[in-house]
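One rule links them: number in the numbering used here = place in the sequence shown (from 1) + 58.
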Amino acid sequence: MDRPVRYGIRSCRGRRHPLTPTNWVGPARIREPDIDGIAVHGGIQMRPYLAFLFLPFVQIDTAAAHHAFAADYEPGNEGEVEGVITEVIYKNPHARYYLEVTNDDGSKELWDLQTMNLMMLGRVGWTKDTLQVGDHIKVEGILGRHDTKRMSISVVTVDDGRVISPQRGIRESSAELSARGSADVAASGKFDSIASNITPGRYELDDTHAYLSFSYSHLGLSNPQIHFADFEASLELNGNDMSLSHVSIIIDAASVDSAVPALDDDLKGADFFDVANYPKITFKSTAYEETSESSGRLTGDLSVRGVTKPITLEVTINSASMNPLNRREMIGFSATGSFNRSDYGLTGYAPLIGDELSLAVQIEFEKVP
């Protein structure tokens, strides 16, 4: 098989392009064409005929508007507005709030604020009464493109001290959280994991956004990185109690890729992975210990060349939320760890290359429908 073209980010064999975005957010629904008030021509009222003629286009435009949600917002361009809610539209596909903002010069602007669908909001306790007309709020979020007065809501702070997030729900005031939150967490050893933003259950690998590599010391001069292009992973997630979550990874050892064909042959040989006799490398988690709401230590059994030993990875939960493009719940992790290759019989080239191998994982999972 031909080697995949390199773009700086490696794609896995047989997968879609890895640069496919998964974290875009976007605009409100586009108003459907209004066919009321069509003129009468030549004494014949044209409304029924034109309505029938244009009906397919009206339906297409509505669908296109929903899928254009990402087009009107610019990820990374965040801002803050403050004002009074003048209208609430609490219905699918996205709850919306109109906010009257008073500028420094006394002029007023009307902002269109948008958040998740009602099912996702309901899971975190957000209801139609959470924010009401007349509430004075401060909103942080992602701004609309082209200087439009639109925003995708990230966090809302209400005058009464509530801090509200579409991902986290309604919390106490920032002052109250600061006063007692750290003490409570330290005493209990339990954290409100950001993984609780999404539904517990089985999650499958998003193989367009999955990267697994290891590095080693070469004479102390550099730390080359070697990738595995083909692997599978599955996740059983319980964000309400992360200790009940489990992950497993199965790697095709023959997919090892150093970008140097001669070295690839050596790595597949008997002195290293010996892929002829041991085609798979596996990892199965046995425990997860939270260290914060977005981090923890994952312990599991790593099997290489028929040898199984425990290994611990430092894990960061990057995000857990609904993907606005495909409407599937997703979670993304980063993980690092290390082990001695000699423990698994990987003895080639010692002592020219170091014994310690450092692992790096970037991986995303999607909720199984």
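Even glycine gets a Cβ: it sits at the ideal position worked out from N, Cα and C.
Since this is a predicted model, take the numbers as computed values, not measurements.
Residue span of the alpha helix (DSSP H) that contains residue i, given as start and end
i, result
"Arg181", "176 to 181"
"Asp324", "319 to 326"
Which of helix, strand or coil DSSP assigns to residue i
i, result
"Leu360", "strand"
"Ile93", "Unreliable placement is indicated for Ile93, whose pLDDT of 41 sits below 50; no coordinate value is reported for it."
"Ala253", "helix"
"Tyr131", "strand"
"Ala312", "helix"
"Glu265", "In the sequence on display, residue 265 carries Asp and not Glu. Reduced to three states, the DSSP call for Asp265 is strand."
"Gln103", "Low confidence applies to Gln103: its pLDDT is 48, below 50, so where it sits in the model is not reliable, and the reading given next is rough at best. Residue state, collapsed to three classes: strand."
Own chain partners of residue i with C-beta closer than 6 angstroms, once the 5 adjacent residues on each side are dropped
i, result
"Gln225", "Asn255, Ser379"
"Val419", "Leu270, Ala393"
"Leu417", "Phe272, Gly395"
"Lys186", "Tyr148"
"Tyr402", "Val362, Arg363, Val365"
"Ala291", "Leu263, Ile307"
"Thr340", "Ile308, Ser361"
"Gly141", "Leu157, Glu158, Val159"
"Ser316", "Ile284, Asp322"
"Ile51", "The displayed coordinates of the chain run from 59 to 427. Any statement about residue 51 would go beyond what the structure contains."
Same chain only: Cβ atoms within 8 angstroms of residue i, ignoring 5 sequence neighbours per side
i, result
"Glu414", "Tyr274, Ser275, Ser396, Phe397, Asn398, Arg399"
"Glu136", "Glu198, Gly199, Ile200, Leu201, Ser212"
"Thr144", "Tyr156, Leu157, Glu158, Leu168, Val191"
"Lys166", "Glu158, Val159, Thr160"
Beta-bridge pairing of residue i - partner residues as DSSP gives them
i, result
"Val142", "Glu158, His194"
"Gln283", "Ser273"
"His304", "Glu294"
"Arg260", "Glu294"
"Thr366", "Ser361"
"Val214", "Val197, Ile222"
Residue range of the beta strand (DSSP E) that includes residue i
i, result
"Leu295", "289 to 295"
"Trp169", "166 to 172"
"Arg220", "It is not in any beta strand (DSSP E) - Arg220 carries neither H nor E in the DSSP assignment."
"Phe341", "338 to 350"
Test: residue i CB closer than 8 angstroms to a CB of chain B
i, result
"Asp264", "Here there is only one protein chain, and chain B is not present."
Proximal residues to residue i (C-beta, below 7 angstroms), its chain only, five neighbours per side dropped
i, result
"Gly239", "With a pLDDT of 48 at Gly239, under the threshold of 50, the modelled position of this residue cannot be trusted; read the value that follows with caution. There are no such residues."
"Glu294", "Arg260, Ser303, His304"
"Arg203", "Asp130, Tyr131, Glu132"
"Phe249", "Val243, Glu348, Ser350, Glu351"
"Asp170", "Ala86, Arg154, Tyr156, Lys207, Arg208"
"Thr344", "Thr357, Gly358, Asp359"
(request) Kindly provide the ranges of any beta strand (DSSP E) runs that are 3 or more residues long and lie completely inside the region 371 to 420, ordered along the chain. (result) 387 to 398
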